[in-house]
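Chains as they are written, first to last, in our numbering: chain A, 2 to 264; chain B, 2 to 326.
Even for Gly, the Cβ is constructed at its ideal location relative to N, Cα and C.
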Ligand SMILES: Cc1cc2nc3c(=O)[nH]c(=O)nc-3n(C[C@H](O)[C@H](O)[C@H](O)COP(=O)(O)OP(=O)(O)OC[C@H]3O[C@@H](n4cnc5c(N)ncnc54)[C@H](O)[C@@H]3O)c2cc1C
Ligand SMILES: Nc1ncnc2c1ncn2[C@@H]1O[C@H](COP(=O)(O)O)[C@@H](O)[C@H]1O
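Below, the structure written as structure tokens:
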């Protein structure tokens with residue numbers, strides 16, 4: 002089984018307070034902690050587990066700047082066999098369609114049975130997997146939370162639907178799947194694992210290597226582009242309890258009592 | 002020129018989903034003069050189609066046993082056949098829309114605008130829309146080129162449902178057009194639905210929920226949540242990462258892919274307030290949020306906010322409540 006997994010380097014929202022910069026053109030990026038997109042980690046773990054059972058190899062690929070190499074290396078420390086960075090100044094400002102067409106060009110250079118993405122990344126779009134499949138004319142399933150390889154030609158898969166229910170289908174290979182969290186328990190990567198792959202070479206492919214027309218991707222070709230960022234003011238907002246922590250405890254108990262929050 | 006907008010209709014057991022009228026409202030914000038077509042796939046859909054004629058000019062009925070369970074691979078192939086290139090298509094951003102829509106935009110050669118929560122006018126062939134990023138911590142205006150059509154997914158609850166009006170629409174049977182050339186999407190074959198497991202406690206019936214999120218940090222810290230729940234006489238529920246980590250059972254998860262709860266009081270402890278989580282809280286409970294990040298979106302929906310480290314605050318709260326007893 003030849004498996005390719007798309008991974009993205011994103012600000013870690015569990016670790017960071019996200020704020021908007023003074024001009025509203027971007028989020029404040031100065032002190033952000035970056036990591037691999039949460040969903041992609043599950044996708045890579047799943048790929049590694051499938052390879053360990055069925056044989057073959059796992060390639061991780063990311064479109065980004067030089068910093069994205071660190072997430073490729075992290076996923077290789079987890080157990081991915083190869084990493085490829087797709088990087089070119091022509092790629093900057095690409096929208097989802099642009100990113101998908103860059104990834105498509107890399108995928109077509111190889112021969113993969115299974116192409117995995119995460120369900121969504123930092124901008125919550127959830128678009129790359131479905132676009133890639135349509136561009137490659139391959140079958141697609143989103144929100145995948147179970148994969149069982151039946152033979153070299155097909156898989157059985159579970160999709161998460163509403164209410165915690167699961168939709169089971171069979172799908173022919175090759176195909177594209179986007180992976181939902183909870184499908185597995187991604188393994189821990191320690192410093193030693195990272196050190197082991199520190200000197201592995203990660204090839205960088207640009208527009209010309211991929212045969213991508215620079216005019217067809219990037220900011221100029223983007224059908225969707227951001228105008229600004231701002232902090233939403235939805236609803237009326239909570240009444241924030243003030244004072245020392247003891248005072249907050251007292252006030253909250255009074256409120257809970259009056260609202261039936263203490264039986 | 003008025004836009005031609007197609008709205009994909011979700012329905013179940015003969016009843017149209019709430020998102021249908023929300024998308025009518027969204028379409029009205031996009032272009033008040035738009036001509037609206039509802040697209041209904043299913044088997045035995047007459048009642049559904051008829052109920053939509055009040056809100057849509059045209060209702061496309063695509064009715065066949067093959068659609069008794071919606072397989073998005075099949076439906077995408079058909080939509081690409083019957084929807085004219087250059088059209089606008091609205092789809093709800095749920096597990097089906099996420100499956101269908103990105104690929105549909107490619108097949109229709111239009112732009113794709115996912116999980117949209119607002120529209121802010123059209124200027125020079127570009128639609129200005131509102132989205133959220135980073136789990137709802139920031140919003141962004143985006144410009145979307147709609148000159149060649151677009152597929153747009155709409156977040157449930159983001160638009161207030163339009164009143165059913167008197168569009169006096171007509172049902173048009175498109176089944177033959179849809180099936181001309183056979184059923185596409187044969188590479189994905191639906192087998193069955195596996196229902197969620199039932200847990201020891203039914204949180205959908207609880208009056209007081211003490212709900213824990215990723216902010217709890219470590220599995221062993223869940224104890225302090227259990228102790229608080231015991232002190233207030235409530236049940237423990239949680240956000241999704243707690244279930245993903247297998248710290249609590251799936252039957253405790255609140256949200257769009259978990260359970261819908263309707264308690265009187267909901268305590269969100271270390272939960273950021275993603276729309277998927279909030280989508281599972283109904284019945285306007287009294288929400289108390291404890292979070293150390295003042296920018297957490299949960300503070301926009303909570304009644305009462307406490308900006309503290311929950312590892313410190315929760316045990317103090319539990320102790321004080323127990324002392325009172
Ligand atoms: C298709 C789909 C379906 C989904 N369905 C669901 C669903 O049903 N239910 C659900 O919950 N999610 C669901 N999600 C996931 C959802 O998008 C969020 O990722 C999730 O809700 C985040 O959970 P959280 O708030 O616990 O974690 P986070 O977003 O990581 O938030 C943790 C919060 O804890 C705070 N915190 C950290 N440490 C402390 C401390 N010591 N004291 C106080 N506060 C602290 C942080 O400031 C932060 O606000 C779904 C996602 C997708 C894509
Ligand atoms: N720059 C990127 N490079 C590689 N893969 C990406 C990139 N952006 C998104 N993806 C993949 O697409 C998935 C969904 O992201 P998105 O469609 O941006 O929400 C991610 O989980 C990744 O697998």
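| Closest Cα partner of residue 6(B) within the set 186(B), 256(B) and 151(B) | Locating residue 6(B) in the second chain gives position 5, counting from the first residue. Measuring from the Cα of residue 6(B), the nearest candidate turns out to be 151(B).
| request: Please confirm whether any heavy atom of ligand 1 lies closer than 7 angstroms to the CB of residue 9(A). | output: Here residue 9(A) refers to the residue found at position 8 when the first chain is read from its first residue. Taking the Cβ of residue 9(A) as the reference point, every heavy atom of ligand 1 lies at 7 angstroms or farther away.
| said: In the DSSP output, which residue or residues are listed as bridge partners for residue 267(A)? | reply: Coverage of chain A is limited to positions 2 through 264, which leaves residue 267(A) absent and any answer about it impossible.
| Just curious, the alpha helix (DSSP H) that residue 182(A) is in, first and last residue? | Taking the first chain and counting its residues from 1, one reaches residue 182(A) at position 181. No alpha helix (DSSP H) holds residue 182(A); DSSP gives it neither H nor E.
| DSSP state of residue 265(A) mapped onto helix, strand, coil | The displayed coordinates of chain A run from 2 to 264. Any statement about residue 265(A) would go beyond what the structure contains.
| task | Could you tell me if residue 220(B) is buried or exposed, where buried requires 16 or more neighbouring beta carbons within 10 angstroms of its beta carbon? | result | The residue given as residue 220(B) occupies position 219 in the second chain. Classification for residue 220(B): exposed.
| message | Considering only their Cβ atoms, is the gap separating residue 63(A) from residue 21(A) smaller than 8 angstroms? | response | Within the first chain, the letter at position 20 stands for residue 21(A). Within the first chain, the letter at position 62 stands for residue 63(A). Taking 8 angstroms as the Cβ cut-off, residue 21(A) and residue 63(A) do not qualify as a contacting pair.
| field | Backbone secondary structure at residue 223(B) - three-state DSSP | value | Position 222 of the second chain, counted from the first residue, corresponds to residue 223(B). Note: residue 223(B) maps to helix in three-state DSSP.
| field | DSSP three-state assignment for residue 72(A), whether helix, strand or coil | value | Residue mapping note: residue 72(A) aligns to position 71 of the first chain, counting from 1. The answer is helix: DSSP assigns residue 72(A) an H, G or I state.
| C-beta atoms of residue 213(A) and residue 78(A) nearer than 8 angstroms | Translated into positions along the first chain, residue 213(A) becomes position 212. Translated into positions along the first chain, residue 78(A) becomes position 77. No, Cβ-Cβ distance for residue 213(A) and residue 78(A) is not below 8 angstroms.
| request: For residue 88(B), collect the residues of the same chain with a Cβ closer than 8 angstroms to its Cβ; drop the 5 residues on either side in sequence, then sort them by chain order. | output: Position 87 of the second chain, counting from 1, holds the residue named residue 88(B). These residues qualify, in order along the chain: 5, 6, 7, 109, 111 and 150.
| query | Checking contacts by CB at 8 angstroms: is residue 199(B) closer than that to chain A? | reply | Residue 199(B) sits at position 198 when you count from the first residue of the second chain. No, no contact with chain A.
| task | May I ask which residues mark the beginning and end of the beta strand (DSSP E) holding residue 192(B)? | result | Here residue 192(B) is taken as the residue at index 191 of the second chain, counted from 1. First-last of the beta strand (DSSP E) with residue 192(B): 189–195.
| For residue 145(B), which residues in chain A fall below 7 angstroms Cβ to Cβ? | Along the second chain, read from residue 1 onward, the residue named residue 145(B) stands at position 144. Neighbours of residue 145(B) on chain A, chain order: 224 and 225.
| task | Within the stretch 212–257 of chain B, note down every full alpha helix (DSSP H) run reaching 4 residues or more, in order along the chain. | result | Segments of the alpha helix (DSSP H) lying fully in the stretch 212–257 of chain B: 223–233 and 241–245.
| said: Can you confirm whether residue 141(A), when its beta carbon is compared against all beta carbons of chain B, has any partner nearer than 8 angstroms? | reply: Start at 1 with the first residue of the first chain, and residue 141(A) comes out as number 140. Chain B contact via Cβ: present.
| Does residue 317(B) come within less than 8 angstroms of chain A when only Cβ atoms are used? | Stepping through the second chain from its first residue, residue 317(B) is reached at position 316. Taking Cβ atoms only, chain A reaches closer than 8 angstroms to residue 317(B), which makes this a yes.
| query | Can you give the beta carbon distance from residue 209(A) to residue 99(B), rounded, assuming they're within the 8 angstroms contact cut? | reply | The sequence position of residue 209(A) within the first chain is 208, counting from 1. The sequence position of residue 99(B) within the second chain is 98, counting from 1. Not really, about 34 angstroms apart at Cβ, beyond 8 angstroms.
| task | Work out the CA separation of residue 193(A) and residue 170(A) for me, nearest whole Å. | result | Locating residue 170(A) in the first chain gives position 169, where the first residue counts as 1. Locating residue 193(A) in the first chain gives position 192, where the first residue counts as 1. Whole-angstrom Cα-Cα distance: 39 angstroms.
| query | Would you call residue 34(A) buried or exposed, if buried means 16 or more other Cβ atoms sit within 10 Å of its Cβ? | reply | On the first chain, position 33 is the one that residue 34(A) refers to. Residue 34(A) should be labelled exposed.
| CB-CB length for residue 68(B) against residue 36(B), believed under 8 angstroms | Reading the second chain from its first residue, position 67 is the one you call residue 68(B). Reading the second chain from its first residue, position 35 is the one you call residue 36(B). Contact flag wrong, Cβ pair sits at about 25 angstroms.
| said: Check whether the stretch 57–76 of chain B and the stretch 183–197 of chain B touch, using three or more Cβ-Cβ pairs below 8 angstroms as the test. | reply: yes
| message | Quick check on the DSSP output: what are the complete alpha helix (DSSP H) runs of length 4 or more inside the stretch 74–129 of chain A, in order along the chain? | response | 97–110
| Under the rule that 16 or more other beta-carbon atoms within 10 Å means buried, what is residue 16(B), buried or exposed? | Counted from its first residue, the second chain places residue 16(B) at position 15. Its Cβ having fewer than 16 others within 10 Å, residue 16(B) is exposed.
| task | Could you check the C-alpha separation between residue 1(B) and residue 121(B) for me, to the nearest Å? | result | Past the edges of chain B, shown from 2 to 326, lies residue 1(B), and the structure says nothing about it.
| DSSP beta-bridge partners of residue 63(B) | Working through the second chain from its first residue, we reach residue 63(B) at position 62. According to DSSP, residue 63(B) bridges with 42(B).
| C-alpha distance - residue 252(B) paired with residue 229(B), whole-angstrom precision | Here residue 252(B) is taken as the residue at index 251 of the second chain, counted from 1. Here residue 229(B) is taken as the residue at index 228 of the second chain, counted from 1. In a straight line, the C-alpha of residue 252(B) is about 19 angstroms away from that of residue 229(B).
| Who are the near neighbours of residue 263(B) in its chain, counting only those whose CB is closer than 6 angstroms to its CB and skipping five residues on each side? | Working through the second chain from its first residue, we reach residue 263(B) at position 262. Cβ neighbours of residue 263(B) beyond the five flanking positions: 283 and 284.
| query | If you draw a straight line from the C-alpha of residue 274(B) to the C-alpha of residue 68(A), how long is it? | reply | Working through the second chain from its first residue, we reach residue 274(B) at position 273. Working through the first chain from its first residue, we reach residue 68(A) at position 67. Going from the Cα of residue 274(B) to the Cα of residue 68(A) covers about 30 angstroms.
| task | Along the beta strand (DSSP E) that carries residue 1(B), what are the first and last residues, could you check? | result | What is shown of chain B runs 2 to 326, which leaves residue 1(B) out entirely.
| Taking Cβ positions only, does residue 15(A) come closer than 8 angstroms to chain B? | Counted from its first residue, the first chain places residue 15(A) at position 14. Interface annotation, residue 15(A): in contact with chain B, CB-CB separation under 8 angstroms.
| Alpha-carbon to alpha-carbon, residue 135(A) and residue 174(B) | Numbered from its first residue, the second chain carries residue 174(B) at position 173. Numbered from its first residue, the first chain carries residue 135(A) at position 134. Straight-line Cα distance between these residues: approximately 27 angstroms.
| Going by DSSP, which residues form a beta bridge with residue 240(A)? | Mapped onto the first chain, residue 240(A) falls at position 239. Answer is 305(B), bridged to residue 240(A).
| request: Using only the heavy atoms of ligand 2, determine whether one of them is closer than 7 angstroms to the beta carbon of residue 63(A). | output: Position 62 of the first chain, counted from the first residue, corresponds to residue 63(A). Flag set: Cβ of residue 63(A) near ligand 2.
| query | Taking only runs of the beta strand (DSSP E) that begin and end inside the stretch 53–100 of chain B, which ones reach a length of at least 3 residues, in chain order? | reply | Inside the stretch 53–100 of chain B, DSSP marks whole beta strand (DSSP E) runs of 3 or more residues at positions 59–64 and 89–93, from first to last along the chain.
| query | What residues match up with residue 12(B) in a beta bridge as DSSP calls it? | reply | As a working mapping, residue 12(B) is identified with position 11 in the second chain. Answer is 17(B).
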